[in-house]
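Chemist: Questions regarding the structure given below will be posed in turn.
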Amino acid sequence: MRSLFDFNPEYMSVVSVSRAIMDADIVISLPKFKTHGLTVMTGAIKNSYGFLPGAQKARLHKAAGSPARFHEMIVDVFRIRIPDLFIVDAVVGMEGNGPASPELRDIGLILASDNAVALDATIATMMGCDPAKLGFLQKAKRVGLGDFDLRNNEIIGELKQIPDFKLPPLGGEANIGNPSIQALLTKPTMLRPQPDTERCTGCGTCVDQCPVSALSMVEQFPEADPEICIRCFCCQEICPEKAMALV
Ligand code: SF4
Ligand code: SF4
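For the sequence shown, counting from 1, position 165 maps to 224 in the working numbering; every step adds exactly one.
Right, here's the structure in full:
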């Protein structure tokens, strides 16, 4: 069962969300500690994008149109139902070209908070990314969801930056507020999904799951039509071999 909710008409006027989420007395969000090519990191706020069932995620990706607008939009999704508690699995984290990178890091931590902004600022700091540079945290602070300045948050335990943590290639400060890189990320010919042919088994899962049918198998490997691809990173996320990357 799903319910319809008024959303930000800049993207979509209405979205549907599972009734189970909206009716629950308590919602606990369980993000993984990992990188993401569009948002630099996947954390408490980005995890709520999973509230949207079906093809809405892809439609909203397309409606956002640019990384900067995507950062703003995920905060609107998060606000549909703000979870009560966040527990991050950082026992083994992911670095590099997330959201599906083969590069894993032993971190050995579980992080928890009742405030998503403080928690995401902590994750960003551990990754070596200044939280103040992240567009979604800027918006979250602007609308009163919390403060990414960790001096204004109580941290129980020792906060340490992970040495030499690899951010996504176009991540970190470069991704945010840089018009040239924003343009690069939205230009069809400049950023497209490409399989690592050493890893790809030709299983076709990415082709089946692409929400806009931008992928087709050419000989034994998937190939994206750059004019159709909306650069949603779903193929990268879903690939069981971690063979796909947007490059
Ligand atoms: S899902 Fe991964 S392994 Fe399967 S065809 Fe796509 S890129 Fe290759
Ligand atoms: S090819 Fe990949 S990135 Fe492009 S729209 Fe399809 S799933 Fe999304």
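Virtual Cβ for every residue (Gly too), placed ideally from N, Cα, C.
Does DSSP put Gln253 in a helix, in a strand, or in coil?
Modeler: The answer is strand: DSSP assigns Gln253 an E or B state.
Chemist: With distances taken Cα to Cα, identify the nearest neighbour of Ile87 among Lys219, Pro222 and Ala103.
Modeler: Out of Lys219, Pro222 and Ala103, Ala103 has the C-alpha closest to the C-alpha of Ile87.
Chemist: Compute the minimum distance between the beta carbon of Glu213 and the heavy atoms of ligand 1, and state whether it is under 7 Å.
Modeler: No, the beta carbon of Glu213 sits no closer than 7 Å to any heavy atom of ligand 1.
Chemist: With Lys200 and Asp148 assumed to form a contact (beta carbons below 8 Å), what rounded beta-carbon distance in angstroms separates them?
Modeler: Contact doesn't hold; Cβ gap of about 25 Å is too wide.
Chemist: Given 7 Å as the limit, tell me if Ala83 has its C-beta closer than that to any heavy atom belonging to ligand 4.
Modeler: Looking at this structure, you won't find ligand 4 anywhere; what it does contain is ligand 1 and ligand 2.
Chemist: Using only CA atoms, which one of His120, Pro126 and Ala114 lies nearest to Thr98?
Modeler: Of His120, Pro126 and Ala114, the residue nearest in Cα terms is Pro126.
Chemist: Would you check if the segment 150-162 and the segment 283-299 touch, i.e. whether three or more CB-CB distances between them fall below 8 Å?
Modeler: Yes, the segment 283-299 touches the segment 150-162.
Chemist: For the segment 160-180 against the segment 193-210, do three or more pairs of beta-carbon atoms, one drawn from each stretch, fall closer than 8 Å, so that the two count as touching?
Modeler: At 8 Å Cβ cutoff, the stretches touch.
Chemist: Just to confirm the assignment, what range does the alpha helix (DSSP H) spanning Val176 have?
Modeler: Element bounds for Val176: Ala175 to Met186.
Chemist: State the CB to CB distance for the pair Val134 and Phe195, rounded to an integer number of angstroms; the pair is presumed to be in contact (CB under 8 Å).
Modeler: Rounded, the Cβ-Cβ distance is 6 Å, consistent with contact.
Chemist: Since Pro281 sits in a beta bridge, which residues does DSSP pair it with?
Modeler: According to DSSP, which records beta bridges pairwise, Pro281 is partnered with Met276.
Chemist: Bridge partners for Thr101 per DSSP, in chain order?
Modeler: Lys93.
Chemist: May I ask you to report which of helix, strand or coil DSSP gives Leu226?
Modeler: Correct three-state label for Leu226: coil.
Chemist: Keeping to the same chain, check which residues put their C-beta closer than 8 Å to that of Gln268; ignore five residues upstream and five downstream.
Modeler: Only Cys293, Cys294 and Ile297 meet the Cβ criterion.
Chemist: Looking at ligand 1, does it come within less than 7 Å of Gly187, judged from the CB to the closest heavy atom?
Modeler: Answer for Gly187: no, Cβ out of range of ligand 1.
Chemist: Between Gly231 and the rest of its own chain, which residues show a CB-CB distance below 7 Å, the 5 nearest in sequence each way excluded?
Modeler: Residue placement at Gly231 is flagged as unreliable, the pLDDT there being 49, under the threshold of 50; the coordinate-derived value follows with that caveat. Excluding positions up to five away in sequence, the list reads Val99 and Cys188.
Chemist: Within this structure, are the beta carbons of Lys112 and Ser75 separated by less than 8 Å?
Modeler: This sequence places Pro at residue 112; Lys is not what is there. In contact: Pro112 and Ser75 (Cβ atoms closer than 8 Å).
Chemist: Mind listing, in chain order, the continuous beta strand (DSSP E) runs of no fewer than 3 residues lying wholly within the segment 97-153?
Modeler: Within the segment 97-153, the complete beta strand (DSSP E) runs of at least 3 residues are 99-101 and 144-153.
Chemist: Measure the Cβ-Cβ separation of Pro227 and Gly96 and say whether it is below 8 Å.
Modeler: Yes, Cβ-Cβ distance for Pro227 and Gly96 is below 8 Å.
Chemist: Which two residues bound the contiguous alpha helix (DSSP H) that contains Met81?
Modeler: Arg78 to Asp82 is the span of the alpha helix (DSSP H), which, as asked, contains Met81.
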